[in-house]
Structures are given as C-alpha cells and as structure tokens.
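In what follows, a structure is listed as structure tokens, so that the remarks can point back to it.
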C-alpha cells in the first residue's frame with residue numbers, strides 16, 4: 001500500500017509534466033486571445049500576424065484567384081470538431097484503471113471545452129468578417145479619396161476643352177468675317193461650304209448692288225456735268241457769233257473791204273476817163289460857143305461831186321458789215337448802184353459835146369476809142385463783179401464748211417475730254433485695283449495663317465481628346481484592377497482563415513495526440529508497476 005501510495009505520488013510529477021506540456025503545446029486559447037487582440041487592433045497588425053503565422057507554419061501561401069473563378073466556401077465548424085471526436089476515445093481510456101466513475105464528467109468537460117472553443121472560434125470568425133467589411137469600407141473610402149485628384153484633372157481637362165472650343169469658335173467667326181471681306185474685295189468668290197457660302201453670297205449681292213448704285217449715281221453726275229458743259233458751249237457760241245471776234249464776221253468784213261476797194265478803183269477809173277474826155281473835148285472844141293463850156297462844166301461838176309460823194313460814202317460802217325451775210329449783200333446792193341450811174345453819165349458824156357458841135361474826125365476817133373476803152377473797162381468791171389459774186393458764193397460755202405468743221409471740232413473736243421476723263425478714271429481704277437490686290441494678298445495670307453492656327457488647335461484638341469479617352473480607359477482599368485484586388489484580398493483572407501483553422505486543428509490534434517501518448521505512457525507505467533507488484537507478491 002505504501003508503494004501504491006509512493007507510486008501515486010510518483011505519478012503526480014508525470015501528471016504535472018503532462019500539465020506542463022499541455023499548456024505549452026495547446027496554443028488555442030493563446031491564439032484565440034491573439035486573434036481577438038488582432039481584431040481589436042488595426043488591419044495592418046492582423047495581416048502581419050496572419051502572414052507571420054503562415055510563414056511560421058510553413059504553409060503554402062494561397063495564389064491569387066482570377067475574378068472569374070468560383071470562390072470556395074469557408075470550412076464548416078464541424079470539420080474542426082471532427083479531430084477531437086476521434087481523440088475522445090483515447091481520453092476515455094484514461095479512466096479505466098483509476099476511476100471509472102469520472103468518465104461521464106470528464107467527457108462532459110471535454111465536450112463543454114470544445115463547445116466553448118467552437119463558440120470562441122465562431123465569434124472570432126464573426127469578428128474577422130466584421131473587420132473585413134470595415135476594411136472594405138475603408139478601402140472604398142480610400143479609393144474615393146484618391147478619385148478627387150482624377151476628378152480635378154477631368155474637370156481641368158473639360159475646362160480646357162471648353163476654352164479651346166470657344167477659341168475655335170472665335171477663330172471660325174474671324175475666318176468667316178475675313179472670307180466675307182474677301183468676297184467684298186474680290187470679284188471671284190472663294191469656294192466655301194455650308195451656311196458660310198450663303199452668307200458670302202448675300203454679302204456679295206449687297207456689295208454688288210451698292211457698287212451698281214454708286215456707279216449709276218456717278219454716271220448721272222457725269223451726264224449732268226456734260227449737259228452743263230454743252231449749255232456753256234452753246235452760250236459761248238452764241239456770244240462769239242454775236243461778238244466782233246467771230247471769224248465768220250471777220251471773213252465777211254474782209255470781203256466787204258475788198259469789194260469796196262474794187263468799187264473805188266472802178267469809180268476812180270471812170271472819173272479819170274471822164275476828165276480825160278472832158279479835157280480832150282475842151283481842146284478840140286476851140287470853135288465851140290462860149291455858153292457850151294459853162295453848161296458842160298455845170299453838167300460835169302455835179303457829176304464829179306456825186307462821184308466823189310459815192311466814192312467817199314461807199315465804205316460801209318463796220319456795224320453794217322459785221323452782221324449777217326445778208327447785211328453784206330445789202331451793202332453790196334447799196335454799193336453796186338454807185339456803179340450804175342456811170343452808164344448815163346457816160347452816155348451823157350458821149351453825147352457831150354453835141355453831135356452837131358463835133359466836126360473834127362480826130363476828136364470823133366478819140367471819142368470812139370475812149371468809148372471802146374470804156375466798154376472794155378465796163379466789161380472788165382462786170383467780170384470783176386461776176387468774180388466777186390463767185391467769191392461771195394464760195395465764201396458762203398466755206399463758211400458752211402467752217403461751221404461744219406467747227407461743229408466737228410467741238411464734237412471731237414468733247415469726245416477727247418470724255419476719253420481723257422475715261423483714261424483718268426481707268427488709271428484711278430487700275431491704282432485702286434492694285435491696292436485691292438495688295439489687300440487681297442494680305443487678307444489671304446492672314447486667312448491662311450488663321451486656317452493653319454485653326455488646324456493646329458484642332459489637332460491639339462484631338463490629341464487632348466485622345467489623352468482624355470486614354471485617361472478614362474486607365475481609370476476604368478484601375479477600377480477593374482481595384483475590384484480584382486478587393487476580390488483577391490477577400491479570397492486571400494478566406495485562404496488565411498482556412499489555413500489558420502487548419503493550423504489550429506493541427507495544433508489541437510497534436511496536443512490531443514501528445515496527451516494520449518502521455519496517458520498511454522502513464523498507463524504503461526501503471527501496468528508495469530502493477531505487474532511488478534504482482535510478480536513481487538507471487539514471488540514472496
């Protein structure tokens with residue numbers, strides 16, 4: 001009995017050693033508390049503990065699953081409880097040799113411990129799920145906090161795009177205005193498309209109508225000026241025809257002067273012939289009566305006086321010769337009668353002296369000779385008068401031709417003036433055309449530069465649109481990657497949870513196995529001791 005009592009205390013150290021080893025190996029409560037502490041702490045400590053646990057156990061890390069793969073459901077708690085249920089008969093064997101009455105109480109305690117452990121694990125799992133949801137919310141918040149930068153960039157790009165659109169619209173309006181100006185300047189329209197063509201056509205039509213009205217007003221003004229000049233020319237012609245400096249009047253005056261000189265010469269010759277006849281008659285009529293001489297002198301005296309008065313009064317005043325040709329004709333008719341008295345005077349002179357008084361044949365021969373000369377002079381005077389009439393007729397014809405030539409000259413001068421005005425207007429138009437060509441060149445250059453800048457802005461706008469599209473694609477891809485990362489994190493957490501459960505189950509199984517081994521060793525020692533005790537009894 002003492003050995004039994006000694007053996008029993010000897011077994012106590014083993015039991016104590018068992019109790020020492022079991023807490024060392026049983027890491028379930030410690031891990032439980034660590035897990036709870038990790039749940040209470042940050043997500044970084046939890047992930048760090050999980051990663052260290054995986055590295056310490058040497059378990060393979062789960063690979064990232066693609067978003068299209070199906071998730072494996074988490075392990076049920078019954079699978080974790082299956083290991084203690086297998087070890088439970090070993091613990092039931094412990095009470096065979098010692099106290100078989102304690103088996104129900106011990107099994108109930110084991111079951112209660114396992115149930116409590118299971119509840120703790122379930123609570124830890126619930127805490128982990130809550131922590132995962134909180135981490136997911138934090139991740140979404142972080143993602144939303146990262147998005148404002150991209151949103152700001154997008155807003156900035158939209159503002160830039162709107163500004164570029166406004167600039168492009170202004171450039172288009174300026175190009176349209178320049179094109180309208182080109183259409184106003186150049187006759188040939190610039191080929192355009194769309195509403196700009198209609199606007200340019202309307203502007204060109206308005207400008208064309210304006211130009212036509214200006215040209216019509218200018219032509220009316222020129223016509224009025226021409227009519228005024230024609231009226232002035234008519235007035236000047238009337239003044240010249242009424243004045244003393246008219247060339248036609250000068251021609252008529254010259255003709256009248258020549259006519260009067262010829263008449264004076266004829267009268268002078270007639271007077272000389274009459275005086276000569278009178279002297280010869282005086283010389284030849286020595287035997288004539290004394291009373292015949294005074295009568296002849298009295299007869300010739302008034303005749304000479306009349307001839308002198310005619311010769312002195314024959315020149316017409318300038319006023320009479322400066323009028324129409326009709327006045328010249330009247331003057332000629334007034335002068336011509338001065339020649340006619342020569343006939344009666346000559347006839348009277350021929351009758352003087354009387355036929356009965358003329359007895360000398362020499363004197364009669366002289367008288368006949370004088371009469372013959374007088375006839376010749378008279379015929380010559382008639383010829384001269386005929387030539388004067390011809391010359392007067394020719395002068396009228398020349399005056400008519402002169403009038404025609406003057407009219408033609410006036411018409412040519414007017415045409416020359418018009419041609420000079422047209423030439424000046426053509427030169428002015430050419431200078432304006434050259435200026436307009438220079439303006440067109442400058443405007444076309446400016447339009448080309450504006451078109452080039454517009455094209456450059458359009459290319460920049462297209463590049464910005466491509467960059468914006470690329471950024472949108474990158475943002476969408478980033479969102480997809482974040483979703484995939486989130487799913488991968490969830491899968492990783494599930495894998496880590498499963499690994500932790502497996503590690504816990506493995507540790508529990510190891511602990512149960514060590515306990516069973518210790519119980520078996522104690523039982524073996526007990527059996528050895530009992531067998532030795534029995535052999536000792538039988539030997540004694």
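Residue numbers (UniProt numbering): 1 to 540.
Cβ coordinates follow ideal geometry from the N, Cα and C atoms, glycine included.
Between the options, which lies nearest to residue i when the distance is taken from Cα to Cα?
{"i": "residue 366", "options": "209, 274, 261, 512", "result": "274"}
{"i": "residue 468", "options": "181, 135, 156, 117", "result": "156"}
{"i": "residue 458", "options": "124, 521, 167", "result": "167"}
{"i": "residue 464", "options": "203, 162, 516, 498", "result": "162"}
{"i": "residue 580", "options": "452, 470, 444", "result": "With the chain represented from 1 up to 540, any question about residue 580 goes unanswered, as that position is not in the structure."}
{"i": "residue 218", "options": "462, 509, 425, 396", "result": "425"}
{"i": "residue 201", "options": "220, 180, 117, 438", "result": "180"}
{"i": "residue 125", "options": "109, 494, 515", "result": "494"}
{"i": "residue 142", "options": "482, 519, 517, 169", "result": "482"}
{"i": "residue 369", "options": "430, 400, 204, 276", "result": "276"}
{"i": "residue 113", "options": "535, 514, 508, 455", "result": "508"}
{"i": "residue 410", "options": "199, 226, 207, 110", "result": "226"}
{"i": "residue 272", "options": "211, 453, 374, 205", "result": "374"}
{"i": "residue 385", "options": "261, 210, 206", "result": "261"}
Once you ignore the five residues that flank residue i on each side, which residues in its own chain have a CB closer than 6 angstroms to its CB?
{"i": "residue 532", "result": "none"}
{"i": "residue 433", "result": "none"}
{"i": "residue 454", "result": "171"}
{"i": "residue 381", "result": "266"}
{"i": "residue 159", "result": "none"}
{"i": "residue 71", "result": "Since pLDDT at residue 71 reaches only 44, below the 50 mark, its modelled position is unreliable, and the value read off the structure follows with that caveat. Same-chain partners within the cutoff: there are none."}
Excluding the five sequence neighbours on either side, which residues of its own chain have a C-beta within less than 8 angstroms of the C-beta of residue i, listed in chain order?
{"i": "residue 450", "result": "171, 174, 175, 178"}
{"i": "residue 164", "result": "457, 460, 461, 464"}
{"i": "residue 446", "result": "178"}
{"i": "residue 223", "result": "none"}
I believe residue i touches residue j by the beta-carbon criterion, under 8 angstroms. Please report the beta-carbon distance rounded to the nearest angstrom.
{"i": "residue 128", "j": "residue 484", "result": "Contact doesn't hold; Cβ gap of about 22 angstroms is too wide."}
{"i": "residue 492", "j": "residue 132", "result": "Not a contact, Cβ separation roughly 11 angstroms."}
{"i": "residue 486", "j": "residue 118", "result": "Between residue 118 and residue 486 the Cβ distance is about 30 angstroms, and since that is not below 8 angstroms, they are no contact."}
{"i": "residue 267", "j": "residue 377", "result": "Residue 267 to residue 377, Cβ: 11 angstroms. No contact."}
In this structure, does DSSP put residue i in helix, strand or coil?
{"i": "residue 431", "result": "helix"}
{"i": "residue 89", "result": "Because the pLDDT of residue 89 is 44, which lies under 50, any placement of that residue in the model is unreliable, and the question is left without a value."}
Whose C-beta lies closer than 7 angstroms to the C-beta of residue i among residues of the same chain, with five residues either side of it excluded?
{"i": "residue 137", "result": "none"}
{"i": "residue 415", "result": "none"}
So is the beta-carbon of residue i under 7 angstroms away from any non-hydrogen atom of the ligand ADP?
{"i": "residue 183", "result": "Questions concerning the ligand ADP fall outside what the structure shown contains, since it holds no ligand whatsoever."}
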